[in-house]
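Trainee:
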Amino acid sequence: MRALALVMALVAAPVFAADFRILEGHGGPVMSADVSADGTRALTASFDNSVGLWTLGNDEVRWLEGHAAAVKTAIFLPGGLAASGGDDFAILLWDVVTGTLRTRLEGHEGQVAALAVSPDGTRLASAGWDGAIGLWDIATGERTGWLMGHDGAVNDVVFSDDGASLWSASADGTVRLWDIATGAEKRLVVRHGFGVNTLTLGDAWLAYGAVDGGTRVIDATTGDDLADLTLDRRPILTMALSPDGSELSVGDGQGFVMTVDTTSWDLIGDYRAAANGPVWALSYTSDGKSLIAGGIDDTAYVFPAHNALDAPIMATETRAFLNDPAKMSNGERQFQRKCSICHSLADDDTRRAGPTLAGLFGRKAGSLPDYSYSETVQRLGFAWTEDTVDKLFDLGPDHFIPGSKMPMQRITRPEDRQDLIEFLKDNT
Ligand code: HEC
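Counted the way mature numbering (1 follows the signal peptide of the UniProt record, and there is no 0) counts, the sequence shown spans residues -17 to -1, 1 to 411.
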């Protein structure tokens, strides 16, 4: 039996006895899951090159074979169709009644990481790791547009409710908004810095999750921040919205799922859904009561969406939002958002990409014995002061200390730099 199933069976039998099910049969990790609008079927996409088409209830499966490489995404379309995309750069359209391949949509030059269907059911949008977003006419199978402008792989796409616009998330660290009719970029909506993996549109809000753990909600119209749901520095890989829109579940790179209430943005669930490895696939069943999740194991799991806080045994640690704005100074927020993924403030933390900042002020640049600095930093010869830290992020490491291993990043507002420096002075 697989690791996750084992853990769940052992520790959570009382909670899951009735409702916990396994969708078994894939021969590789499960990358995405989707449930049909009528709730009777589910799709799973897997590294084993196949798409599973499940009848929920008796959990019988039919395999849709046609991809020549790992399948990364599969979604239901209206009219008895489904679409899948994968590492073979192809998008396949399936007839889910007969289980047969209907059309092959080609043109991407990188893996197809995500698909979205327009609200009227006529168009498909594809997110490509070639940096392109494809727009396709579902009836004819023809490509009607390429949306170009991202500076890196596109990881996710989502249509606006009226179908006139599309949001996209990219490894280039941005979320962009596009006009479907003209194919033009309307707006750079978010500049997050770290790659953005996943998007979800709710009732007038847009949520996104990023590789640095950043989990945020913005107003879909104005782009204003609504909530910062960041829990941890774990990559956010997937999100699912319950059918009634009342809750959002978020899966991360270490097997955790958190659930938030989309009215109050309070944490209502936080538990481990995979014993090891990431949660890549996540989807609610149509009654909103269960989640289907998948990851490194060759199986998908169906379990109650609300086990979270009722099942303390599954909550392996108590977490709170990292960036509770009410409790955090601007300096701390700057540090959490822009530095903490690479730098610790503790004496003995050697696990991050950058050297610890403990004891920073007065310390000679590049002088920690346990850290392997670039030669550039070792040769700087100055000590870190308020002034040199200020310059570092006013000019950006690429200009102030060209050749250092620090990523290009500037903090353009002097107040933000000042607040960050105050925070560092108090905490290092
Ligand atoms: C993506 C990782 C990353 C991020 C984000 C990052 N740093 Fe760094 N930082 C590094 C690395 C790597 C080095 C070592 C550079 C070298 O050796 O060339 C470094 C070095 C430094 C140093 C020099 C330390 C010493 O011992 O000489 C300071 C100061 C510093 N960072 C501050 C910051 C601050 C403040 C932030 C946030 C505004 C930040 N860094 C964000 C990776 C990062």
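Positions of the beta carbon are idealized from the N, C-alpha and C atoms, including for glycine.
1) For Met125, name the three-state secondary structure that DSSP assigns.
2) Taking just the CA atoms, how far does Ala256 sit from Thr27?
3) Let's test the definition: count the other Cβ atoms within 10 Å of the Cβ of Glu230 and tell me whether it reaches 16, buried, or not, exposed.
4) Please work out which residues of its chain come closer than 7 angstroms, Cβ to Cβ, to Ala52, disregarding the five sequence neighbours upstream and downstream, and give them in chain order.
5) Out of Ala108, Thr81 and Pro102, state which residue places its alpha-carbon closest to the alpha-carbon of Glu89.
6) Once the 5 residues before and after Ala203 are set aside, which same chain residues still bring their CB inside 7 angstroms of it?
7) Along the chain, where does the alpha helix (DSSP H) containing Gly314 start, and where does it finish?
8) Going by CA-CA distance only, name the one from Ala136, Asp134, Gly117 and Trp248 that's closest to Gly166.
9) Who are Gly234's beta bridge partners in DSSP?
10) Is the beta carbon of Gln392 sitting closer than 8 angstroms to the one on Lys321?
11) With H, G and I counted as helix, E and B as strand and the rest as coil, what does DSSP make of Arg400?
12) When we look at the beta-carbon of Asn180 and count the other beta-carbons within 10 Å, is it buried (16 or more) or exposed?
13) Could you name the residues of the same chain whose beta carbon sits closer than 6 angstroms to that of Phe239, not counting the 5 residues immediately before and after it, in chain order?
14) Taking the C-alpha atoms as reference points, what is the distance between Ala223 and Asp402?
15) How many angstroms separate the CA atom of Leu378 from the CA atom of Val372?
16) Measuring only the C-alpha atoms, how far is Thr246 from Asp227?
17) Output the boundary residues of the alpha helix (DSSP H) element that contains Thr371.
18) Within 10 Å of its beta-carbon, does Ala291 have 16 or more other beta-carbons around it, so buried, or fewer, so exposed?
19) Is Ala115 near Gly135, with beta carbons less than 8 angstroms apart?
20) Ordered along the chain, which non-local residues of its own chain (more than five positions away) have a Cβ less than 6 angstroms from that of Arg216?
21) According to DSSP, simplified to helix, strand and coil, what is Phe383?
Mentor: By the coordinates alone:
1) On the sequence shown, residue 125 is found 142 positions in, with the first residue counted as 1. Checking the sequence, you will find Glu at residue 125 rather than Met. Reduced to three states, the DSSP call for Glu125 is coil.
2) On the sequence shown, residue 27 is found 44 positions in, with the first residue counted as 1. On the sequence shown, residue 256 is found 273 positions in, with the first residue counted as 1. Taking the straight line from one Cα to the other gives about 17 angstroms.
3) Position 247 of the sequence shown, counted from the first residue, corresponds to residue 230. Burial is judged here by how many other beta carbons sit within 10 angstroms of a residue's own beta carbon; Glu230 has at least 16 and is buried.
4) Counting from one through the sequence shown, the residue named residue 52 turns up at place 69. These residues qualify, in order along the chain: Asn32, Gly69, Asp70 and Asp71.
5) What you label residue 89 is simply residue 106 of the sequence shown in a count that begins at 1. The shortest Cα separation from Glu89 among Ala108, Thr81 and Pro102 belongs to Ala108.
6) Numbered from 1 along the sequence shown, position 220 holds the residue referred to as residue 203. Only Leu184, Ala187, Trp188 and Leu189 meet the Cβ criterion.
7) The count along the sequence shown starts at 1 and reaches residue 314 at position 331. Note, Gly314: alpha helix (DSSP H), Asn313 to Lys321.
8) Position 183 of the sequence shown, counted from the first residue, corresponds to residue 166. The residue among Ala136, Asp134, Gly117 and Trp248 with its C-alpha nearest the C-alpha of Gly166 is Gly117.
9) Here residue 234 refers to the residue found at position 251 when the sequence shown is read from its first residue. For Gly234, which the question treats as bridged, DSSP gives the partners Thr221 and Val240.
10) For the purposes of this step, residue 392 is taken as residue 409 along the sequence shown, with counting starting at 1. For the purposes of this step, residue 321 is taken as residue 338 along the sequence shown, with counting starting at 1. Remark: C-beta atoms of Gln392 and Lys321 approach each other more closely than 8 angstroms.
11) Taking the sequence shown and counting its residues from 1, the one referred to as residue 400 is at position 417. In the three-state reduction of the DSSP assignment, Arg400 falls in the helix class, which pools H, G and I.
12) Position 197 of the sequence shown, counted from the start, is the residue given in the question as residue 180. By the neighbour-count rule (16 or more Cβ atoms within 10 Å), Asn180 is buried.
13) Translated into positions along the sequence shown, residue 239 becomes position 256. Correct list, in chain order: Arg255.
14) Taking the first residue of the sequence shown as position 1, residue 223 is located at position 240. Taking the first residue of the sequence shown as position 1, residue 402 is located at position 419. Taken atom to atom, the span from the alpha-carbon of Ala223 to that of Asp402 is near 36 angstroms.
15) In the sequence shown, residue 378 corresponds to position 395, counting from 1. In the sequence shown, residue 372 corresponds to position 389, counting from 1. Spanning the two alpha carbons is a distance of roughly 10 angstroms.
16) Stepping through the sequence shown from its first residue, residue 246 is reached at position 263. Stepping through the sequence shown from its first residue, residue 227 is reached at position 244. Looking at the two C-alpha atoms, the distance is approximately 12 angstroms.
17) Within the sequence shown, the letter at position 388 stands for residue 371. Annotation: the continuous alpha helix (DSSP H) that includes Thr371 extends over Glu369 to Leu378.
18) Residue numbering aside, residue 291 sits at position 308 when the sequence shown is read from its first letter. Low per-residue confidence applies at Ala291: pLDDT is 45, beneath 50, and the placement is therefore not dependable, though the value from the model is reported in the following sentence. Flag for Ala291 reads buried.
19) Here residue 115 is taken as the residue at index 132 of the sequence shown, counted from 1. Here residue 135 is taken as the residue at index 152 of the sequence shown, counted from 1. Not closer than 8 angstroms, so no.
20) Taking the first residue of the sequence shown as position 1, residue 216 is located at position 233. Here the set comprises Gly196 and Ile324.
21) Numbered from 1 along the sequence shown, position 400 holds the residue referred to as residue 383. Helix.
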